[in-house]
Each structure stands twice: as C-alpha cells, then as structure tokens.
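This report concerns only the one structure given below.
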Amino acid sequence: MEVIIIGTGVFGLSAADHAHNKHPHAKLSIVSRPSRLAPSDDITKIARIDYSSTKRLQEAKIAYSQWKNDDFFSKYQRIIGRVMIYESGDTTHTDINEARQNLQLSARPAFGPELMEQIFETTSAPEALTYVYNDDDMIIDWQSCISQARQRASAACNGTGGRMYENGVKTLVHRDSRVTEIVLDNDERIEAATAQIVLAPGPWLAEVLAASAITLPPPDRTPTPTGLFSYIIQLRDDQAELFRQKPIVSHDGKVDFLPPASMESTTCKMTWIEPFTNMRGPPESRIKDLSRSALAKSHMLKAMEWARTFLPALHGARIISVTSYWDGVTATQDPIIAYHPEIQNLLCAAAMFQTTTAGIQSKFHFNMISHVSLVEATLLLWKRKPRKK
Ligand SMILES: Cc1cc2nc3c(=O)[nH]c(=O)nc-3n(C[C@H](O)[C@H](O)[C@H](O)COP(=O)(O)OP(=O)(O)OC[C@H]3O[C@@H](n4cnc5c(N)ncnc54)[C@H](O)[C@@H]3O)c2cc1C
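The numbering of the sequence shown is the working numbering, which starts it at 1215 and goes up by one.
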C-alpha cells in the first residue's frame, strides 16, 4: 500500500500521522510547500472548550484532553486562561454555558471591567461589556509543534521507503477515475496510479482541483479562501516578563491577543478577527499576500486603538510583522473530509475556521482524522447538509 499526502498544514500532518500509525508498513510520501499565508504556519494558537454547539464542544473536549495528556502535544501547551469580552446583548456567553452544562462542565460567571483591572492592573475597559474568565484555555506554541510534526512526518517517509518532496503540486493527472500522476511545480512527476492520495492544501483546494480539471465540491461545500490579519508585536523585556504571566484576551468579533507562547519568547500576537475575502478573480485564485494593503493598515490601526483601551501596558511595544492568513471556509463551517465522488483514489481533506470561535479547530484537526477512519470518510461529507449552529 502507498499513501501520498499533499500539504503539510495541520490536516496533511494529521493524515500522515493517521496513515502511518494505522499502516506502519505502507509507503508514505508527502508533498510539502509551506506558505506564510497558511494558518498552519502561524506562530501561536488557542485551544479551548467553549463553543455554543454541544456537538462541537464535545469534539473540542476530546481534542483538549489530547493537548493536555498526549506525550507529543502536551509539551507545546500552557494553560494560561483567557479573558473573553462580549458586547452587551451578545448571547454567546450564555449559549456556551448552556452547552458546557450539557457536558457536565462548569458554567462561567460574567464580570464587569474590574476583571481586566485585576489581571492587567491598568485598563480603561468600558463598563458596558461583559467579561468572562476561561481559566482552562491554553496557548499553543504552534510553530514549534508544527515544525516537530513535520520532522516526524519526514522521518515516517524515510522509514517507509517514501519521500518528502519539498515542492508544490501543479496538477493531478487522472485517467479512468484514478489519479495516475502528480505533477510538481518543477515539472517532476510522481507515479500515483496505485497510491491513495490525500489532498490537504487548505484554502488552495479549489485551485488544485480546478488546475487538474477535477470537479469541485458543490459550491456550499467548497472551502472559500477567507483571510485575517495577524500582527506580531515585539515586547520590551519588562513587558515580555509581564505578559508571559498573563492570560490571552479575546474580544468577540474584534481581536485575539496572544501573549508570548513560551518562557523564552518576547513576542506576542494580535489577530484582528474581522474576515476579508479577495473578490478579484475566480474563487480558486483569490489568495494573495495582502499584508501591505491599505486594509492591513486600517485593521492595524483598529487593533492599536483597541490595545490602547484594553491593554495599555502594551504601550511602547512595536509591531514587527504583518501577515494575511487565509483559511478555507465552507458554508456549513464543517470541514470537508471525503473521497472524491469521481476519482477513486483521491481523498480531499480541507479545513474551515470560524472567526469568533477559532480556538476549536486546530485541536481536533490533529485528532480528527485519527478519529475518523479515512476509509470510513464518506461522500456524505462532500454534500453535507447544513446543520444548526
Ligand atoms: C489568523 C488565524 C488564526 C487562527 N487561530 C486559530 C486558533 O487559535 N486555534 C484554532 O484551533 N484554529 C485557528 N485557526 C484555524 C486553523 O489554524 C486552520 O483552520 C488550520 O490551520 C487549517 O489547516 P489546513 O491544514 O487545512 O490548511 P493550511 O494551514 O492552509 O495548510 C495547507 C498547506 O498546504 C500547502 N499547499 C497549498 N497548496 C499546495 C500545493 N499545490 N502543493 C503542496 N502544498 C500546498 C500550503 O502551503 C500549506 O502549507 C486560525 C485561522 C486563522 C486564519
């Protein structure tokens, strides 16, 4: 048996782990072309158990336990908690509490701005908002975790007689309902007729399928490239010392502030979570580096204004890099993990995110494919019906 995985984001690496654990003697090859625009190449992530849908909360709970207890994952997380800020009238907090109680998890009380005052000492956080403390939320040192996972995948390739190709896929050649060859950007060709192929290129899924003249999923199941800007902030030594001990802060619908992920790091990250799409061109070619665009600047100004109000202790820190990250979002916001209905040896595995609750996906992405047998992944997911939030 031979497995070829395309993409070394969290989905591709999950698939590699799953395939190698389940079939240790199968020849594993991976085609990897990391991109600074891919969310899996981000530096830090949040892992948390708060979601207003009980089903997703259950998935998050399983994933959270993996982050906490698994020998490989646990060393990349720190339980530092998170302050959630909700606009007045937003019912998300009560919805999450209801879902948590359905799973015998404790409800979280709401506070006023004194919560920010207590934790951050100075703040001019407004009265009208609701402040909630999630004591069990984790920050993940994602860059280190992903880099180790890539090394592990590479070792699995070497150990099974396969190869790690440091290149992108240009097209998938197909004949008689099978992918027969994979053509790389440098025109190298990989024989694939007898292999199982996992296509996990995140928001580039439609691009690869379209370039290969392979039918795309139905429009509501095709991941649409959707972007967010993240700003890396260089802290002074005294600020780094302070923020390392502090929780994450998320203002629902506006911003995620992530402190330094490790005791050595002196940078933190702000993600302005107002999503954007690039409407130019067909959906499969909309991903562009927008980090120098006017939109990136205008969101950066909003992020700085937010920081002045909520985290004045950041005063004097410098933004040292801007990234436009792109994620693939499906209409139902469920990922697509399905064999292609017309191409027998092609499994598509692409992600989604939800701007306000982005904390959940990466945790279970690492586990999701190991919980869902690749062989059991059915066409149902290709045409999944919308479900209630
Ligand atoms: C700004 C931001 C912050 C987020 N924060 C969180 C968070 O805190 N917690 C959380 O759980 N989730 C978070 N998410 C969601 C999560 O990070 C993503 O859903 C997830 O990383 C997507 O993984 P993926 O493997 O599907 O895709 P990707 O990360 O896009 O990986 C796909 C890989 O395939 C490569 N590729 C593309 N085309 C080709 C090709 N033709 N050939 C070879 N390789 C190719 C890409 O370069 C990339 O390396 C966040 C998302 C964003 C955008």
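Backbone N, C-alpha and C define an ideal beta-carbon position, used for all residues, glycine too.
If residue 1551 and residue 1428 are in contact, beta carbons under 8 Å, what's the gap, nearest whole angstrom? For the purposes of this step, residue 1551 is taken as the residue at position 337 of the sequence shown. For the purposes of this step, residue 1428 is taken as the residue at position 214 of the sequence shown. Incorrect: roughly 17 Å between the Cβ atoms, too far for contact.
When DSSP labels each residue in this structure, what does residue 1560 get in the three-state scheme? Translated into positions along the sequence shown, residue 1560 becomes position 346. Three-state DSSP puts residue 1560 in a strand.
Range covered by the beta strand (DSSP E) that runs through residue 1380: Stepping through the sequence shown from its first residue, residue 1380 is reached at position 166. From DSSP, residue 1380 is part of no beta strand (DSSP E); its letter is neither H nor E.
Below 8 Å, can you find three or more Cβ-Cβ pairs linking the segment 1377–1384 to the segment 1238–1247? yes
Which residues share a DSSP beta bridge with residue 1536? Walking along the sequence shown from the start, residue 1536 turns up at place 322. Beta-bridge pairing links residue 1536 to 1445.
Decide if the segment 1436–1450 is in contact with the segment 1539–1546; the criterion is three or more beta carbon pairs, one per stretch, under 8 Å apart. yes
Beta strand (DSSP E) runs wholly inside the segment 1365–1446, at least 3 long, in chain order: 1383–1389, 1392–1398, 1403–1405, 1410–1413
Does ligand 1 have a heavy atom nearer than 7 Å to the CB of residue 1536? Within the sequence shown, the letter at position 322 stands for residue 1536. Incorrect: residue 1536 has no Cβ contact closer than 7 Å to ligand 1.
Please determine whether the Cβ atom of residue 1222 lies at a distance below 7 Å from any heavy atom of ligand 1. Within the sequence shown, the letter at position 8 stands for residue 1222. Checking the Cβ of residue 1222 against ligand 1 gives yes.
Just reading off the alpha helix (DSSP H) that residue 1282 is part of, what are its end residues? One-based indexing of the sequence shown puts residue 1282 at position 68. Element bounds for residue 1282: 1268–1283.
Exposed or buried, residue 1522, counting other C-beta atoms within 10 Å across all chains shown (16 or more means buried)? Here residue 1522 corresponds to residue number 308 of the sequence shown, with the count starting at 1. Exposed, since its Cβ has fewer than 16 Cβ neighbours within 10 Å.
At a cut-off of 7 Å, would you count residue 1297 as near ligand 1, judging by its Cβ distance to the nearest heavy atom? The count along the sequence shown starts at 1 and reaches residue 1297 at position 83. Residue 1297 Cβ: outside cutoff for every heavy atom of ligand 1.
Residue 1436 and residue 1491 - do their beta-carbons sit closer together than 8 Å? Here residue 1491 refers to the residue found at position 277 when the sequence shown is read from its first residue. Here residue 1436 refers to the residue found at position 222 when the sequence shown is read from its first residue. No.
Leaving aside the five residues before and after residue 1456 along the sequence, list all residues of the same chain whose C-beta is less than 7 Å from its C-beta, in chain order. Translated into positions along the sequence shown, residue 1456 becomes position 242. These residues qualify, in order along the chain: 1527.
Look at the alpha carbon of residue 1418 and the alpha carbon of residue 1215, and state the distance between them as a whole number of angstroms. Locating residue 1418 in the sequence shown gives position 204, where the first residue counts as 1. Locating residue 1215 in the sequence shown gives position 1, where the first residue counts as 1. Rounded to the nearest angstrom, the two C-alpha atoms are 27 Å apart.
For residue 1321 and residue 1362, the rounded distance between their alpha carbons: Position 148 of the sequence shown, counted from the start, is the residue given in the question as residue 1362. Position 107 of the sequence shown, counted from the start, is the residue given in the question as residue 1321. If I take the Cα positions, the gap works out to 35 Å.
Supposed close pair residue 1353, residue 1253 - CB separation, criterion 8 Å: Numbered from 1 along the sequence shown, position 139 holds the residue referred to as residue 1353. Numbered from 1 along the sequence shown, position 39 holds the residue referred to as residue 1253. Their Cβ separation, rounded to whole angstroms, is 16 Å, which puts residue 1353 and residue 1253 out of contact at 8 Å.
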